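This is how it looks when you write it as structure tokens:
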């Protein structure tokens, strides 16, 4: 039903502009910070417990043979690659952390904010090990302690990084940009749903 001059009387026919549906930048930054801080504390706390309570080389079943605790120190990157490049990996992690912090100011989507919060926590968690654990600053070994069958040993920071990667891929496949706008097939931006 329409009133004079074509104005709709049905509230179901009115649409909210995409910019009005997006959370404020301050809320998104708060979400990034809250997720990053929470996941970072969990990562560091579990690493401290692993070092204090687990014997290196021993395995402790959590869920039978499916998930075990197994303390190891990793000087390299994922899958223990690049073990001779620990200082370079630390510098790359510092750069990645700064880039994510910079890009976080442009976020316009809750999903992107969650992904960036997890990514920040993961990078910061492993970077903390590289900066403060033995054998020394910039050369520290990352504490890994979660073990699945036929998979490299990992930690909570690694889980955060992988979860962030999945969310980033989801946003890319959905065509949602960092600022929350959506790209259609003809490259015209729309608001994020």
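Residue numbers (my numbering): 307 to 499.
Where is the CB? At the ideal position from N, CA and C, for every residue including glycine.
Because the structure is a prediction, the values reported are computed rather than measured.
Around the Cβ of residue 389, a 10 Å sphere holds fewer than 16 other Cβ atoms; the residue is exposed.
Under the three-state reduction of DSSP output, residue 456 falls in the coil class, being neither helix nor strand.
Rounded to whole angstroms, residue 452 and residue 387 show a C-alpha spacing of 18 angstroms.
For the pair residue 432 and residue 463, the CB atoms are nearer than the 8 angstroms cut-off. At a Cβ-Cβ threshold of 8 angstroms, residue 417 and residue 475 do not count as neighbours. Ranking 353, 342, 330, 411 by CA distance to the CA of residue 421 puts 342 first. Apart from sequence neighbours up to five positions away, the residues of its chain that approach residue 352 with a beta-carbon distance below 8 angstroms are 451, 461, 462, ordered along the chain. Taking the Cα of residue 338 as reference, the smallest distance to any Cα among 419, 430, 438 is reached at 419. Per DSSP, reduced to three states, the secondary structure at residue 464 is helical.
Residue state for residue 344 is assigned as helix, using DSSP reduced to three classes. In the structure shown, the three-state DSSP call for residue 328 is coil.
In the three-state DSSP reduction, residue 450 falls in the strand class (E or B). For the options 404, 408, 381, 435, the alpha carbon positioned closest to that of residue 354 is the one of 435.
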